[in-house]
Each structure stands twice: as structure tokens, then as C-alpha cells.
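Structure first, then comments.
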Amino acid sequence: MVLSIEELKPGMVLAEAVRNHQDQLLLDTGRKVTDKTIRVFKSWGIRRVAVRSGLTGESGHPSPSVSGPPVALDEGLKARFAEVLHDPIMVAIMQAAGRQLAARQPGKKSRDGRS
């Protein structure tokens, strides 16, 4: 979900990398927001950021109802998409790929009922 900088709270986790107007990385995807990073974003004129939904308070851990790709799978995808994570469309494609791959993990059934 995309939030205005005023709605951003410490402990939230970025769904997309935040870059300044010179395309310099301020904070990468998956990093936890702090008071300091909020001040940095404001100083660079960042108005909106995308954060992961389903997080619980300050811990930044997903709530039990939110399931994402396993950590090893997530890291593998990030490595494959490392060169294009500045592009929101490519981030969305990476996230969709993660959901598809997670659904194919042993023990999970696909939509058509196959394991």
C-alpha cells in the first residue's frame, strides 16, 4: 500500500525502494523504516512510499494471516531482480513471481488442486 510521508511510522517495512530525485537509493525494498529515515525522506522531498501491508506494530513481523514467500525464496528473487528493483513495475512482477513460487512449494496445493 502507498502511504503519504505523514502516515509513515517507524517499524513499517518498505514494499519498494525509495530513491531521491537524482535516482540515488535512500532505502531499499524490505528495509524497516525508522524515525531517522522518515526525516531523511522529508529532507529529500519524498511525498509517498510503498509499504508492505499486514505488519504488526513496531516488530515489523508479518501477522499470522499474512503469508509471503519463504525467506530463501524471497532472497533468491531479490538477487535475480537486483538490477531492476528501482522500477515499481518490476517490483510488482517480482512480488507476483514470489507468490507463484511460494504456492508451488511442497505441501501446498495449487488452485487446480494439484500439489
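Under the numbering used here, read the sequence shown as residues -3 to 111, first letter to last.
Heads up, the beta-carbon is just placed ideally off N, CA and C, and yes, glycines get one too.
On a predicted model such as this, the values are computed, not experimentally measured, just so you know.
Notebook entry, point to check: With a Cβ-Cβ cutoff of 9 Å, do Ala11 and Gln91 count as a contact?
Noted result: Start at 1 with the first residue of the sequence shown, and residue 11 comes out as number 15. Start at 1 with the first residue of the sequence shown, and residue 91 comes out as number 95. Yes, Cβ-Cβ distance for Ala11 and Gln91 is below 9 Å.
Notebook entry, point to check: Just the Cα atoms here: how many angstroms apart are Gln18 and Arg95?
Noted result: Reading the sequence shown from its first residue, position 22 is the one you call residue 18. Reading the sequence shown from its first residue, position 99 is the one you call residue 95. Rounded to the nearest angstrom, the two C-alpha atoms are 32 Å apart.
Next item on the list: In angstroms with no decimal places, state the Cα-to-Cα distance between Ser0 and Leu97.
Entry: The count along the sequence shown starts at 1 and reaches residue 0 at position 4. The count along the sequence shown starts at 1 and reaches residue 97 at position 101. The straight-line gap from Cα to Cα measures roughly 31 Å.
Next item on the list: Taking all protein chains shown into account, decide if Met(-3) is buried (16 or more other Cβ within 10 angstroms of its Cβ) or exposed.
Entry: Locating residue -3 in the sequence shown gives position 1, counting from the first residue. Exposed.
Margin query: Comparing C-alpha positions only, which one of Ala75, Ala88, Pro6 and Ile85 sits nearest to Thr33?
Written below: Along the sequence shown, one-based indexing puts residue 33 at 37. Of the listed residues, the one whose Cα sits closest to Thr33 is Pro6.
Notebook entry, point to check: Helix, strand or coil: how does DSSP classify Val87 here?
Noted result: Within the sequence shown, the letter at position 91 stands for residue 87. Three-state result, Val87: helix.
Item checked: Below-9 Å beta-carbon distance, Lys74 vs any chain B residue -> Annotation note: the requested chain B is absent from the structure, which comprises a single protein chain.
Next item on the list: Kindly indicate which residue of Asp83, Glu79, Lys74 and His82 has the alpha-carbon position closest to the one of Ala93.
Entry: If you number the sequence shown from 1, residue 93 lands on position 97. Comparing Cα positions, the closest option is Lys74.
Next item on the list: Using a threshold of 9 Å, state whether the C-beta atoms of Leu4 and Phe37 are closer than that.
Entry: Translated into positions along the sequence shown, residue 4 becomes position 8. Translated into positions along the sequence shown, residue 37 becomes position 41. Yes.
Item checked: Cβ-based neighbour list, Arg43, same chain, cut-off 7 Å, excluding 5 preceding and 5 following -> In the sequence shown, the residue the question calls residue 43 occupies position 47. Ser0 and Ile1.
Next item on the list: Under 6 Å Cβ to Cβ from Arg48, same chain only, skipping five residues before and after it: list those, please.
Entry: Here residue 48 refers to the residue found at position 52 of the sequence shown. Within the same chain, Arg48 has close Cβ partners Val9 and Ala11.
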